[in-house]
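Residue numbers (my numbering): 79 to 201.
Structure first, commentary second.
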């Protein structure tokens with residue numbers, strides 16, 4: 079097996095796919111959603127409460143994340159429940175926060191609902 083990074087490194091399409099994944103996660107609300115979903119399953123309304131974004135904005139973010147394969151959804155009655163099931167995504171999100179603050183000081187706080195009257199309409 080070669081140890082030449084020019085031979086063994088990622089291909090152009092692999093690099094493009096990885097960059098697109100990082101691009102998706104560069105939006106703070108989407109990163110927050112993935113972080114929350116790495117810790118449990120939630121519906122859109124609950125995710126909107128936890129992030130402070132509108133239900134419409136959260137739905138749009140989740141659609142992009144689902145198309146990219148970063149989150150999954152299942153229907154329960156009239157609700158869609160979202161989750162992160164891929165262990166690679168779980169590791170990636172945890173590693174991001176460990177990278178920016180190895181001592182955990184910048185790790186997101188546990189989810190707490192935002193009062194609906196304080197929810198941002200611009201997200």
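Glycine included, every Cβ here is placed at the ideal spot set by N, Cα and C.
Since the model is a prediction, treat every value here as computed from it, not as a measurement.
Exposed unless 16 or more other CB atoms sit within 10 angstroms - verdict on residue i
i	result
residue 129	buried
residue 111	buried
residue 86	exposed
residue 93	exposed
residue 131	buried
residue 179	exposed
residue 95	exposed
CB-CB length for residue i against residue j, believed under 8 Å
i	j	result
residue 48	residue 159	No answer is possible for residue 48: it lies beyond the span of the chain, which begins at 79 and ends at 201.
C-beta atoms of residue i and residue j nearer than 9 Å
i	j	result
residue 168	residue 102	no
residue 150	residue 133	no
residue 171	residue 109	yes
Nearest neighbour of residue i, chosen from the options [CA to CA]
i	options	result
residue 146	100, 107 and 171	100
residue 140	122, 82 and 183	122
residue 107	81, 92, 125 and 172	125
residue 117	181, 178, 177 and 164	164
residue 113	135, 173 and 181	173
Query - Any beta strand (DSSP E) of 3 or more consecutive residues that is wholly inside the region 98-154 - result: 150-154, all fully within the region 98-154.
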